[in-house]
Amino acid sequence: MLLKTRGIVLNQIPYNDNAVIASIYTEKSGRQSFWISGAKSTRSLRKSSLFQPLFLLEMEVMNVPRELKKIKEARNFPVYTSIPFDIHKTSMALFIAEVLSRSLPAEEPHQELFDFLWHSLITLDAEQEPVSNFHIYFILRLTRYLGFAPTDNYSPTCSYFDYHTGHFTEHPPLHQHYLEKNISCHLHFFLSSPYTHCMNYPLNAEMRVTILNKLLDYYDFHFDFPQKILSLKILKEVYHF
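With the sequence shown counted from 1, adding 22 to any position gets you our numbering.
Have a look at this one:
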């Protein structure tokens, strides 16, 4: 059975000298793994350059239950105009792709989540202003679709964010999984502010990386990541965090 669907590439790994296995989050079938033969052939339409992290695809796939899926046809659409060529956006995309690879559920279609991802990536590609805060904004918004979005009940007297409850509390919790007041205040801003304000929010490099590390700790609390996000090192080097 052939199925037409859009997809967002998460990653690819070599399978042999002429094939790769690509992990793709699809609109119709959720996260799927695809065996792509001839991926390294210069004549093949399914060459590996189509399947770079976070590239957007229109695909026609062979939908066979309980088998590794195969792609009959694929094309990049829409085609990025800046993400592959801007080192800041490229490093941002690698980081986001790794977070998604570790957190998106397998084989569960979720239209609202897919639409959020698709439109966020188009926004990143089109953005003309600096994108230094994009990853913070993105992974916070992503929690809404993954089921552990923070509740923004922040106030000057309720200013410690508790990982366990997902709420801000009046006093530090009796465990280590929480944010101190200064970081909680920044978290509140990103939760309560529109996209443009978040992109223009002034943060120094030290605070930006602190917030990012704390958000990754929050993800790890829910997903138990087996290892650190490897692309975070590249992101820090590019942005001089």
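All C-beta atoms in this analysis are idealised placements derived from N, C-alpha and C, irrespective of residue type, glycine included. What you are looking at is a predicted structure, and each value in this text was computed from that prediction instead of being measured.
Proximity of the stretch 70-88 to the stretch 25-35 meets the contact definition, three or more beta-carbon pairs being nearer than 8 Å. Closest by C-alpha distance to V260, out of Q150, A227 and H193, is A227.
In this structure, the straight-line span from the alpha carbon of I233 to that of M84 is close to 42 Å.
Excluding residues up to 5 positions away in sequence, L32, N33 and S45 lie with their Cβ nearer than 8 Å to the Cβ of S123 in the same chain. Between the beta-carbon of L146 and that of M114 there is about 7 Å, and that keeps the pair under the 8 Å contact cut. If you look at F156, you'll find it in the alpha helix (DSSP H) that goes F156 to L168. Residue pairing of F56 in beta bridges, as defined by DSSP: A44 and K91. Under DSSP, the beta-bridge partners assigned to K26 are E82. Contact between I158 and F212 holds: their C-beta atoms lie close to 6 Å from each other, under 8 Å. For Y217, the enclosing alpha helix (DSSP H) begins and ends at Y217 to M221. A direct Cα-to-Cα measurement between Q54 and N204 gives close to 40 Å. About 6 Å separates the beta carbons of H210 and D174, which is inside the 8 Å limit, making them a contact pair.
Look at the stretch 177-207 and you find these whole runs of beta strand (DSSP E), each 3 residues long or longer: 182-184 and 189-191. For I118, the enclosing alpha helix (DSSP H) starts and ends at I109 to S125. In the three-state reduction of the DSSP assignment, N98 falls in the strand class. The beta carbon of H219 sits closer than 6 Å to no other beta carbon from its chain once the five residues preceding and following it are set aside. No Cβ-Cβ contact shorter than 7 Å links Y217 with Y200. Put simply, the backbone Cα of N235 is about 14 Å away from that of I256. The beta carbons of D184 and P195 sit closer together than 7 Å. Our two residues, G188 and F170, have alpha carbons roughly 7 Å apart in a direct line. In the three-state scheme derived from DSSP, where H, G and I count as helix and E and B as strand, I256 is classed as helix.
Under the DSSP definition of a beta bridge, A128 partners with R53. By the neighbour-count criterion, in which 16 or more other beta carbons inside 10 Å mark a residue as buried, T48 falls on the buried side.
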